[in-house]
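Novice:
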Amino acid sequence: MTPLLSHLTKSHFAFIYNSETLSNPPTSLKDVVENQDLRVIYQDPRTSTPGLGLLLWMKSVYGDDVSDAWESLASHTVTVTKSWSDAYGLFLKGEADVVLSYTTSPAYHIIAEGESKYKAASASEGLYPQVELAAMMKNAPNPALAQRFMQFILQPEFQSVIPTGNWMLPVVESSEPLPAAFDSALLPTKNLVLPAKEVAKNRKAWVDEWLNATTR
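Take the sequence shown: its letters are residues 0 to 215, numbered as in numbering that gives the first Met the number 0.
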């Protein structure tokens with residue numbers, strides 16, 4: 000039976016930097032949070048998936064001390080944007096030293112622009128994953144066609160276009176090898192994943208916690 004919900008693409012969140020302008024990049028999330036000289040841009044967890052990812056990443060690393068960490072980060076945050084594209088665009092204009100994005104983002108610059116100066120900063124605590132999903136509505140007007148599509152997106156042929164179509168990683172083995180630019184993608188020392196039920200139960204409280212800490 001075709002599932003109503005399916006994985007589509009995957010990657011990990013990371014802070015991207017320009018290696019030509021930042022000679023001493025962060026090597027941990029703690030570095031990003033505590034280095035007052037580091038100009039940071041990230042996304043709003045209320046309006047952006049990466050922003051929500053950072054919320055969970057911060058909570059998984061700092062736990063009950065996350066409010067202090069958010070306050071420290073806020074002191075050298077350039078801006079918090081509504082979307083990934085707004086944040087990344089400002090970073091590319093030189094408005095920040097690092098921007099929240101994905102470990103696969105440098106591959107885009109290598110393949111599409113022939114540019115290798117953009118790197119993903121490592122994080123000794125571990126990285127938080129991003130998994131994009133596809134869903135079939137229960138009241139879909141054409142469920143048979145929807146089921147066929149859900150099956151199609153998991154086929155190797157479809158998954159092979161994910162790396163250069165969405166700049167993420169396939170969730171199943173694709174029919175083509177990954178482009179060489181992905182060989183250097185940052186790998187996590189540890190996967191940081193909070194239980195889904197815990198996230199669902201506490202998401203609003205954690206957003207409020209972030210908002211209170213960053214607007215003091």
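Every residue gets a Cβ at the ideal spot worked out from N, C-alpha and C, and that includes glycine.
1. Within 10 angstroms of the Cβ of Leu7, are there 16 or more other Cβ atoms? Answer buried if so, exposed if not.
2. How is Ile110 classed by DSSP in three states: helix, strand or coil?
3. What do you reckon, are the CB atoms on Tyr87 and Val98 nearer than 7 Å?
4. State yes or no: is the C-beta of Pro105 within less than 7 Å of the C-beta of Lys118?
5. Rounded to whole angstroms, how far is the Cβ of Asp96 from the Cβ of Tyr16, which I believe are closer than 8 Å?
6. Assuming Leu168 contacts Ser5 under a Cβ cut-off of 8 Å, what Cβ separation, rounded to an integer in Å, is found between them?
7. Have a look at the DSSP bridge pairing and note the partners of Pro169.
8. Let me make sure I understand the geometry here. Which of Met136, Leu72 and Ala68 has the alpha-carbon closest to that of Leu37?
9. Give the C-beta separation of Leu185 and Ala13 to the nearest angstrom, bearing in mind that I take them to be a contact with Cβ-Cβ under 8 Å.
10. According to DSSP, is Gln42 part of a helix, a strand, or is it coil?
11. Helix, strand or coil: how does DSSP classify Glu70 here?
12. If we ignore side chains and look at the alpha-carbon of each, how far apart do Gly52 and Trp209 end up?
13. Secondary structure at Asn244, three-state DSSP: helix, strand or coil?
Specialist: Considering the structure as presented:
1. Position 8 of the sequence shown, counting from 1, holds the residue named residue 7. By the C-beta density criterion, Leu7 is buried, having at least 16 other C-beta atoms within 10 angstroms.
2. Sequence index remark: in the sequence shown, residue 110 carries index 111 (1-based). Helix.
3. On the sequence shown, position 88 is the one that residue 87 refers to. On the sequence shown, position 99 is the one that residue 98 refers to. Yes, these two residues count as a Cβ contact at 7 Å.
4. Walking along the sequence shown from the start, residue 105 turns up at place 106. Walking along the sequence shown from the start, residue 118 turns up at place 119. In this structure, the beta-carbon distance from Pro105 to Lys118 falls below 7 Å.
5. For the purposes of this step, residue 96 is taken as the residue at position 97 of the sequence shown. For the purposes of this step, residue 16 is taken as the residue at position 17 of the sequence shown. Right, the Cβ-Cβ distance comes to about 6 Å (below 8 Å), so this counts as a contact.
6. The count along the sequence shown starts at 1 and reaches residue 168 at position 169. The count along the sequence shown starts at 1 and reaches residue 5 at position 6. Between Leu168 and Ser5 the beta-carbon gap is near 15 Å, outside 8 Å, which marks them as no contact.
7. Stepping through the sequence shown from its first residue, residue 169 is reached at position 170. Per DSSP, Thr8.
8. Here residue 37 refers to the residue found at position 38 of the sequence shown. With distances taken between Cα atoms, Leu37 lies closest to Leu72.
9. Within the sequence shown, numbered from 1, the residue matching residue 185 stands at position 186. Within the sequence shown, numbered from 1, the residue matching residue 13 stands at position 14. Right, the Cβ-Cβ distance comes to about 6 Å (below 8 Å), so this counts as a contact.
10. Taking the sequence shown and counting its residues from 1, one reaches residue 42 at position 43. Three-state result, Gln42: strand.
11. Numbered from 1 along the sequence shown, position 71 holds the residue referred to as residue 70. In the three-state reduction of the DSSP assignment, Glu70 falls in the helix class.
12. In the sequence shown, counting from the first residue as 1, residue 52 sits at position 53. In the sequence shown, counting from the first residue as 1, residue 209 sits at position 210. Whole-angstrom Cα-Cα distance: 13 Å.
13. As shown, the chain starts at 0 and ends at 215. That puts residue 244 outside it, with no answer to give.
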